[in-house]
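For reference, the structure discussed in these notes is given below.
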Amino acid sequence: MSCGKPIFGDEGVIQIINSSPALGKVGAFPRRCSNDQDLIASPNVEFIVHHYGECVMYPDAEDGYSFRSDRAATLQQWCAWTYQVQEKPWMSRGDLMRFLRFWFDNRSENLSE
Ligand SMILES: [Zn+2]
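Note that our numbering has the sequence shown beginning at 3, numbered continuously upward.
So this is what it looks like as structure tokens:
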């Protein structure tokens with residue numbers, strides 16, 4: 003549903019969604035944290051970007067967890083979001099690490115440099 007293009011400034015919203023059909027509608031509010039032992043094969047939580055007026059939002063995403071991309075315009079702000087969502091029961095340790103990494107993946111930056 004997301005176009006997969008990077009997102010910067012005030013272009014849209016970052017969404018944290020349920021990605022497991024077994025737990026509920028994909029694209030809606032996150033239901034349960036991922037099993038960190040099986041994180042690559044079947045995460046329960048995913049992160050996507052939605053550009054205003056461009057890519058199509060999941061039908062149930064309006065009820066989901068999201069924040070405007072201009073509130074995460076710097077790595078410092080992204081770290082603050084990572085810290086904020088660490089208290090959510092639907093974010094496992096592995097989900098948090100993938101969320102942090104999402105910043106770099108979204109911008110095609112190499113995390114190891
Ligand atoms: Zn888009």
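We treat Cβ as the ideally placed atom computed from N, Cα and C, and that holds for glycine.
Being a predicted model, the structure only gives us computed values, none of them experimental.
Report yes if the C-beta distance between residue i and residue j is below 8 Å; otherwise report no.
i   : j   : result
I19 : A30 : yes
V47 : W83 : no
G26 : D72 : no
Hey, would you say the C-beta of residue i is under 7 Å away from at least one heavy atom of ligand 1?
i   : result
S4  : yes
K90 : no
E56 : yes
K27 : no
According to DSSP, simplified to helix, strand and coil, what is residue i?
i    : result
S68  : strand
V87  : helix
N20  : strand
G128 : This structure leaves residue 128 out entirely; the chain is present only between 3 and 115.
F31  : coil
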